[in-house]
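Protein sequence lines correspond, in order, to chains A and B.
For the first sequence, the working numbering assigns the number 1 to the initial residue and increments by one for each residue that follows.
For the second sequence, the working numbering assigns the number 1 to the initial residue and increments by one for each residue that follows.
So the structure is just underneath, and the comments pick up after that.
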Amino acid sequence: MKTMMKGSLLALGLSALAASTALAQEATFVMTARLVGAPTYNPIKATKLNTATTLIFDRLVVQDADQSFHGQLATSWESSPDGMLWTFKLKPGVKFHNGEPFNAKTIEWWVPQFKGTENAFTVEAIEKVEVVDDLTVRFHMKHPDPNLLFNLASSFMCVPEPKSYEALGDKFGVTEAIGTGPYKMQQFTVGQQTVLVRNDDYKSASDLSKNQGPAKFKKLTFREIGEESTAYLELKTGGADVLVNVPTDFLPRIQADKAVKLVTIPGNEVVYMPINTSVEPFTDIKVREATAFAVNQKEILTSLYGGNGETAETFLISSLRESQVDPKYKISYDPERSKKVFDAAGWKPGADGIRVKDGKRLEVKLWAQNGTEFKRLAEIVQAQLKAVGMQADISIVDAGSINAQYRKKTEHQLAVRAYQWTNADIVDWFFAAKRAGYPNVSMFNDPEAEKLNDIAMNKSKTWDERVANFTKYHEYVLSQYPFAPIYQPVQSLAYGKRVVMPEKIRGIGFSSQSMIDIAPAN
Amino acid sequence: MLRFAIRRLAMLVPVFLAVSLVIFMIIHLVPGDPLEHLIQVGSSPEQRAQMIARYGLDQPLLVQYGRWLAKVVTGDFGDAIVMRQPVSQLIAENMPHSLALGGTALFFSTVVGIVTGVLAASFRDSLFDQAVMGFILLGSTLPSFWLALLMILMFAVQFEWFPVSGARTWDALVLPALTIGIGGTALIARVTRAAMVEISQRDFVRVLQAKGVPFWRIQLRHILQQAMLPVMTILGLRIGWILGGAVTVEYVFARPGLGSLLITGLGQRDYPLVQGCLLMLAIAVMLGTLIGDLAQAALDPRLREAMGAR
Numbered sequence: 001m002k003t004m005m006k007g008s009l010l011a012l013g014l015s016a017l018a019a020s021t022a023l024a025q026e027a028t029f030v031m032t033a034r035l036v037g038a039p040t041y042n043p044i045k046a047t048k049l050n051t052a053t054t055l056i057f058d059r060l061v062v063q064d065a066d067q068s069f070h071g072q073l074a075t076s077w078e079s080s081p082d083g084m085l086w087t088f089k090l091k092p093g094v095k096f097h098n099g100e101p102f103n104a105k106t107i108e109w110w111v112p113q114f115k116g117t118e119n120a121f122t123v124e125a126i127e128k129v130e131v132v133d134d135l136t137v138r139f140h141m142k143h144p145d146p147n148l149l150f151n152l153a154s155s156f157m158c159v160p161e162p163k164s165y166e167a168l169g170d171k172f173g174v175t176e177a178i179g180t181g182p183y184k185m186q187q188f189t190v191g192q193q194t195v196l197v198r199n200d201d202y203k204s205a206s207d208l209s210k211n212q213g214p215a216k217f218k219k220l221t222f223r224e225i226g227e228e229s230t231a232y233l234e235l236k237t238g239g240a241d242v243l244v245n246v247p248t249d250f251l252p253r254i255q256a257d258k259a260v261k262l263v264t265i266p267g268n269e270v271v272y273m274p275i276n277t278s279v280e281p282f283t284d285i286k287v288r289e290a291t292a293f294a295v296n297q298k299e300i301l302t303s304l305y306g307g308n309g310e311t312a313e314t315f316l317i318s319s320l321r322e323s324q325v326d327p328k329y330k331i332s333y334d335p336e337r338s339k340k341v342f343d344a345a346g347w348k349p350g351a352d353g354i355r356v357k358d359g360k361r362l363e364v365k366l367w368a369q370n371g372t373e374f375k376r377l378a379e380i381v382q383a384q385l386k387a388v389g390m391q392a393d394i395s396i397v398d399a400g401s402i403n404a405q406y407r408k409k410t411e412h413q414l415a416v417r418a419y420q421w422t423n424a425d426i427v428d429w430f431f432a433a434k435r436a437g438y439p440n441v442s443m444f445n446d447p448e449a450e451k452l453n454d455i456a457m458n459k460s461k462t463w464d465e466r467v468a469n470f471t472k473y474h475e476y477v478l479s480q481y482p483f484a485p486i487y488q489p490v491q492s493l494a495y496g497k498r499v500v501m502p503e504k505i506r507g508i509g510f511s512s513q514s515m516i517d518i519a520p521a522n
Numbered sequence: 001m002l003r004f005a006i007r008r009l010a011m012l013v014p015v016f017l018a019v020s021l022v023i024f025m026i027i028h029l030v031p032g033d034p035l036e037h038l039i040q041v042g043s044s045p046e047q048r049a050q051m052i053a054r055y056g057l058d059q060p061l062l063v064q065y066g067r068w069l070a071k072v073v074t075g076d077f078g079d080a081i082v083m084r085q086p087v088s089q090l091i092a093e094n095m096p097h098s099l100a101l102g103g104t105a106l107f108f109s110t111v112v113g114i115v116t117g118v119l120a121a122s123f124r125d126s127l128f129d130q131a132v133m134g135f136i137l138l139g140s141t142l143p144s145f146w147l148a149l150l151m152i153l154m155f156a157v158q159f160e161w162f163p164v165s166g167a168r169t170w171d172a173l174v175l176p177a178l179t180i181g182i183g184g185t186a187l188i189a190r191v192t193r194a195a196m197v198e199i200s201q202r203d204f205v206r207v208l209q210a211k212g213v214p215f216w217r218i219q220l221r222h223i224l225q226q227a228m229l230p231v232m233t234i235l236g237l238r239i240g241w242i243l244g245g246a247v248t249v250e251y252v253f254a255r256p257g258l259g260s261l262l263i264t265g266l267g268q269r270d271y272p273l274v275q276g277c278l279l280m281l282a283i284a285v286m287l288g289t290l291i292g293d294l295a296q297a298a299l300d301p302r303l304r305e306a307m308g309a310r
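What follows is the structure, given as structure tokens:
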């Protein structure tokens with residue numbers, strides 16, 4: 001009897017150990033806010049993808065936080081001096097999850113698939129793809145495109161398996177998603193969760209990953225939770241192991257919570273205040289300059305964002321070379337300069353402190369989309385503008401409607417908003433005259449800027465030339481004050497006790513480069 | 001009874017048409033469009049114009065409505081623009097979750113609401129009655145969004161009895177069902193109590209009391225049976241309301257369902273998706289009302305006769 005009991009206890013103990021080991025092999029990630037709602041894992045046709053995408057698929061190249069490029073499915077690449085030919089050497093022995101080989105023919109099939117999709121612009125400059133040999137492809141360009149590597153590093157340029165892609169049609173990425181990545185898609189419920197299982201044959205990690213073999217977790221579940229409080233509580237109670245994108249509002253709470261740890265990497269977002277250059281009083285460059293220098297970025301960083309992140313003094317994220325402009329173009333808080341320029345523009349302080357010119361008070365509209373962060377930001381900016389004699393009346397506009405309101409072109413004057421992008425061509429997106437209204441919320445239309453835009457966008461042959469041209473364009477835009485830079489958030493990831501994070505998070509966001517280095521705690 | 005049912009069903013046709021028009025116009029007249037979620041950085045204004053034409057958004061609204069309605073009557077809700085899947089498929093995938101949640105919440109609120117209402121009416125003006133009335137007032141005024149977070153903090157974070165969110169295990173249904181059910185419980189209890197108090201003052205109750213019929217027999221057999229008529233109407237309305245009322249609750253608890261789907265669609269201004277979800281909710285309300293009316297008619301022959309005589 002005693003022996004039987006001992007045996008039972010031992011069996012129970014072993015099965016408990018096996019269960020805990022199995023659990024240690026699994027991890028649950030929670031995605032919230034903007035990562036929620038990706039409708040498909042079809043990288044070619046999707047307009048929204050989430051963190052799990054780069055675990056299912058690989059790209060030819062990937063990008064690090066310092067904006068450098070590293071081979072993933074490509075081992076090396078070179079561009080001809082005139083920028084009209086790009087040759088890529090491919091990694092040997094790579095297989096898709098269904099056993100199909102990855103080779104030069106895959107790339108020859110892949111590039112034309114973008115035609116007619118919303119992502120067609122990524123390969124627009126490629127005339128044709130030539131298969132040089134099984135592991136070498138050459139892109140013949142219509143015109144030089146120094147931005148090609150950036151496009152190739154995008155999640156939308158993950159490489160799917162051709163046969164299953166053709167066979168599944170629109171169901172590819174929904175019912176099945178076959179790539180070469182470190183995980184295979186096991187199950188996907190739109191808006192709810194994605195379950196991934198490890199690809200045990202994986203060996204095509206880039207040199208950004210310490211782990212060059214299969215991932216360390218056998219199974220990953222990516223849950224989508226739109227409500228940020230719920231997402232945080234899942235992490236706090238152990239229902240989730242990792243919260244992928246920590247909302248800025250939650251940073252102080254997470255930092256104070258001993259049950260979870262926080263890791264941050266440089267951000268890819270800029271918060272700014274566009275100034276509508278087409279409506280009074282902002283048609284006057286002096287008023288724009290005075291307004292831009294009235295915004296106290298440091299105060300906002302401290303009071304609203306708890307010191308997390310850094311101030312913005314240009315339109316671009318700091319890690320971009322094009323953000324390294326001549327210091328005279330940088331816009332950082334200078335109340336004395338602001339007041340002096342307002343005076344020079346003829347706006348004199350009235351009895352109540354609000355400036356007046358020709359009997360007209362300096363009263364403007366300040367728009368913000370709904371949501372706590374933007375509302376509070378607008379209130380702080382409102383107080384800062386008042387300190388230099390401008391009365392800004394805040395209007396809160398529904399996030400789903402605000403772009404349509406901008407398209408009316410003259411309804412708004414100032415706004416607080418943010419963008420997320422890691423390429424200098426965002427200056428073209430937000431300030432090119434052809435996009436006035438939205439995304440060119442500033443209604444910026446300047447002949448010199450258009451000339452510099454054309455050079456930067458279309459005349460650059462090499463990456464260095466493109467950087468130089470975009471820096472000039474960026475500097476000119478800064479000199480015209482169509483916006484005030486405010487803040488650059490960090491990207492944050494919070495995690496619980498069951499996972500161990502790599503010492504350094506590589507890449508421009510949380511993607512496969514670092515994900516395959518994440519390990520179980522024991 | 002059949003004639004009554006057919007007559008009531010026929011009345012739903014113009015209601016359906018009116019509701020479909022309102023739903024279509026509301027979402028289209030709100031500023032913003034789904035293309036904001038399809039346009040990529042780097043695409044040109046011409047590409048946007050092409051997309052507007054591709055999805056037929058450049059057509060007059062009435063033309064767009066006509067095309068949509070023609071499809072809807074054949075059971076085709078169209079394809080979601082941003083999600084790029086058939087709306088009917090998305091609804092079919094999410095509906096079971098909404099029905100499970102709504103059904104559980106309705107069952108809870110019906111059972112607890114009727115029992116509480118009966119007890120409150122039976123012990124009218126007692127401490128118990130006052131406590132119940134206080135609960136009713138509180139339950140009917142608590143915003144479900146706030147109540148949902150309170151439930152999570154108390155029962156998932158503090159006591160760790162239930163999971164915070166999701167729909168992966170049966171116990172994940174408890175907190176959201178309670179959150180929705182509490183509001184319904186308050187309403188049903190209030191209606192039950194009011195109806196029972198009103199009926200208990202009728203002459204036939206005094207006759208029964210004079211005859212010496214036991215108190216609980218009078219309460220349950222005679223008063224409650226008649227009090228069920230208004231309760232049935234409320235229950236019918238609740239069937240539809242519970243699906244619609246679950247919108248915020250599903251979102252907070254990160255549950256799949258029509259509500260979560262609707263919120264996703266609204267955020268993306270995905271017209272076919274929002275129209276499909278709202279139409280399903282409207283149909284649920286209409287069917288709920290119909291069921292309530294039929295149940296009421298089954299309980300009260302006078303109603304059948306009145307409708308049949310017309």
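Glycine is no exception: its CB is placed at the ideal position from the N, C-alpha and C atoms.
Could you tell me which residues DSSP puts in a beta bridge with M273 (chain A)? Within the first sequence, residue 273 (chain A) is the residue found at index 273, counting from 1. In the DSSP output, where bridge partners are listed per residue, M273 (chain A) has A:A484.
Residue span of the beta strand (DSSP E) that contains Y419 (chain A), given as start and end
Translated into positions along the first sequence, residue 419 (chain A) becomes position 419. Unbroken beta strand (DSSP E) run through Y419 (chain A): L414 to Q420.
TODO: Determine the burial state of V111 (chain B): buried for a count of at least 16 other Cβ atoms within 10 Å of its Cβ, exposed for fewer.
DONE: The residue given as residue 111 (chain B) occupies position 111 in the second sequence. The residue in question, V111 (chain B), is exposed, as its Cβ has fewer than 16 Cβ neighbours within 10 Å.
Using alpha carbons as the reference points, say which of A:V129, A:V111, A:E130 and A:V131 lies closest to T122 (chain A). Counting from 1 along the first sequence, the entry for residue 122 (chain A) is found at position 122. The candidate whose alpha carbon is nearest that of T122 (chain A) is A:V111.
Report buried or exposed for P214 (chain B), applying the criterion of at least 16 other Cβ atoms within 10 angstroms of its Cβ. What you label residue 214 (chain B) is simply residue 214 of the second sequence in a count that begins at 1. Classification for P214 (chain B): exposed.
Q: Hey, could you find the ends of the alpha helix (DSSP H) L220 (chain A) is sitting in?
A: By 1-based counting over the first sequence, the position of residue 220 (chain A) is 220. That residue, L220 (chain A), is in no alpha helix (DSSP H); its beta strand (DSSP E) goes K219 to E224.
- Item | Burial state of I44 (chain A) (16 or more Cβ within 10 Å) | Position 44 of the first sequence, counted from the start, is the residue given in the question as residue 44 (chain A). Answer is buried; the Cβ neighbour count reaches 16.
Any idea if Q514 (chain A) is buried or exposed, counting beta-carbon neighbours within 10 angstroms, 16 or more meaning buried?
Position 514 of the first sequence, counting from 1, holds the residue named residue 514 (chain A). Note that residue 514 (chain A) is Ser in the sequence shown here, rather than Gln. Burial call: buried.
### Task
Tell me the start and end of each unbroken alpha helix (DSSP H) in the region 127-192 of chain B that is at least 4 residues and wholly inside, in chain order.
127-141 and 144-151
Alpha helix (DSSP H) runs wholly inside the region 47-111 of chain A, at least 4 long, in chain order: 53-56 and 104-110
Next item on the list: Return the first residue and the last residue of the beta strand (DSSP E) that D393 (chain A) is part of.
Entry: Within the first sequence, numbered from 1, the residue matching residue 393 (chain A) stands at position 393. Per DSSP, D393 (chain A) belongs to the beta strand (DSSP E) from Q391 to V397.
- So what does DSSP say about L262 (chain A), is it helix, strand or coil? In the first sequence, counting from the first residue as 1, residue 262 (chain A) sits at position 262. Three-state result, L262 (chain A): strand.
Item to complete: Express the C-alpha separation of I516 (chain A) and I254 (chain A) in angstroms, rounding to a whole number.
Response: Taking the first sequence and counting its residues from 1, one reaches residue 254 (chain A) at position 254. Taking the first sequence and counting its residues from 1, one reaches residue 516 (chain A) at position 516. Computed Cα separation, rounded: 24 Å.
Quick one: give me the first and last residue of the alpha helix (DSSP H) that S260 (chain B) is part of.
Counted from its first residue, the second sequence places residue 260 (chain B) at position 260. First-last of the alpha helix (DSSP H) with S260 (chain B): L258 to G267.
Give me the chain A residues within the contact set of G166 (chain B), using Cβ-Cβ distance strictly less than 9 Å, ordered along the chain.
Residue 166 (chain B) sits at position 166 when you count from the first residue of the second sequence. Those within 9 Å of G166 (chain B) in chain A are Q192, Q193, R223, I225, E234 and G239.
Practice task
Could you name the residues of the same chain whose beta carbon sits closer than 7 Å to that of N98 (chain A), not counting the 5 residues immediately before and after it, in chain order?
Solution key: Walking along the first sequence from the start, residue 98 (chain A) turns up at place 98. The answer, listed in chain order, is E161, S164 and I178.
Taking only the alpha-carbon atoms, compute the straight-line gap between Y329 (chain A) and Y473 (chain A) and give it to the nearest angstrom. Position 329 of the first sequence, counting from 1, holds the residue named residue 329 (chain A). Position 473 of the first sequence, counting from 1, holds the residue named residue 473 (chain A). Roughly 12 Å separates the two Cα atoms.
Chain-order list of residues whose beta-carbon lies under 6 Å from that of Q226 (chain B) (same chain, five-residue window excluded)
To locate residue 226 (chain B), count along the second sequence from 1; it is residue 226. Around Q226 (chain B): I199.
*asked:* Just to confirm my understanding: we take E448 (chain A), look at its own chain, exclude 5 residues before and 5 after, and list those with CB closer than 7 Å. What are they?
replied: Start at 1 with the first residue of the first sequence, and residue 448 (chain A) comes out as number 448. Correct list, in chain order: Y476.
Taking 8 Å as the threshold (beta carbon to beta carbon), is D203 (chain B) in contact with chain A?
The residue labelled residue 203 (chain B) in the question sits at position 203 within the second sequence. Taking Cβ atoms only, chain A never reaches closer than 8 Å to D203 (chain B), which makes this a no.
What residue range does the beta strand (DSSP E) around K128 (chain A) cover? Residue mapping note: residue 128 (chain A) aligns to position 128 of the first sequence, counting from 1. Counting along the chain, the beta strand (DSSP E) containing K128 (chain A) begins and ends at I126 to D133.
> Under the rule that 16 or more other beta-carbon atoms within 10 Å means buried, what is H140 (chain A), buried or exposed?
Replying inline: Residue numbering aside, residue 140 (chain A) sits at position 140 when the first sequence is read from its first letter. So H140 (chain A) ends up on the exposed side.
* Expressed to the nearest angstrom, what Euclidean distance is found between the alpha-carbon atoms of Q391 (chain A) and E363 (chain A)? -> By one-based count along the first sequence, residue 391 (chain A) stands at place 391. By one-based count along the first sequence, residue 363 (chain A) stands at place 363. Using only the alpha carbons, I get a separation of about 5 Å.
Open item on the list: When you compare the CB of V174 (chain A) with every CB in chain B, is at least one pair closer than 8 Å?
Closed with: Here the question's residue 174 (chain A) lines up with position 174 in the first sequence. Output row for V174 (chain A): interface = yes.
Item checked: Rounded straight-line distance, which links the Cα of E124 (chain A) to that of F155 (chain B) -> For this step, residue 155 (chain B) is matched to residue 155 along the second sequence. For this step, residue 124 (chain A) is matched to residue 124 along the first sequence. One C-alpha to the other measures close to 54 Å.
Notebook entry, point to check: Got a sec: which bits of the region 424-438 of chain A sit with their beta carbon under 7 Å from any beta carbon on chain C, in order along the chain?
Noted result: This model lacks chain C altogether, as its protein chains are A and B.
Does the Cβ of A432 (chain A) have 16 or more other Cβ atoms within 10 Å, making it buried, or fewer, making it exposed?
Sequence index remark: in the first sequence, residue 432 (chain A) carries index 432 (1-based). Its Cβ being crowded by 16 or more others within 10 Å, A432 (chain A) is buried.
**Own chain residues within Cβ distance below 7 Å of R124 (chain B), not counting five before or after** = Working through the second sequence from its first residue, we reach residue 124 (chain B) at position 124. V197.
Requested in this report: With DSSP as the reference, label H143 (chain A) as helix, strand or coil.
Outcome: The residue labelled residue 143 (chain A) in the question sits at position 143 within the first sequence. Three-state result, H143 (chain A): coil.
Segments assigned alpha helix (DSSP H), at least 4 residues, entirely inside the region 450-486 of chain A:
463-479
*Secondary structure of W367 (chain A), DSSP reduced to three states*: Translated into the one-based positions of the first sequence, residue 367 (chain A) becomes position 367. In the structure shown, W367 (chain A) sits in a strand (DSSP, three-state: E or B).
| said: Please list, in chain order, the chain B residues whose beta carbon lies closer than 8 Å to that of P39 (chain A). | reply: Along the first sequence, one-based indexing puts residue 39 (chain A) at 39. What P39 (chain A) touches in chain B: A80, V82, M83, R84 and Q85.
* For Y495 (chain A), which of helix, strand or coil comes out of DSSP? -> Along the first sequence, read from residue 1 onward, the residue named residue 495 (chain A) stands at position 495. It is a strand residue.
Taking V87 (chain B) and P272 (chain B) to be in contact with their CB atoms under 8 Å, please state how far apart those CB atoms are, rounded to whole angstroms.
Residue 87 (chain B) sits at position 87 when you count from the first residue of the second sequence. Residue 272 (chain B) sits at position 272 when you count from the first residue of the second sequence. Confirmed, about 5 Å.
- prompt: Would P247 (chain A) be called buried (16 or more neighbouring beta carbons within 10 Å of its own) or exposed?
  reply: On the first sequence, position 247 is the one that residue 247 (chain A) refers to. Classification of P247 (chain A): buried, given that the 10 Å Cβ count is 16 or more.
ask   = From the beta carbon of H37 (chain B), is the nearest beta carbon of chain A less than 8 Å away?
value = For the purposes of this step, residue 37 (chain B) is taken as residue 37 along the second sequence, with counting starting at 1. Closer than 8 Å: yes.
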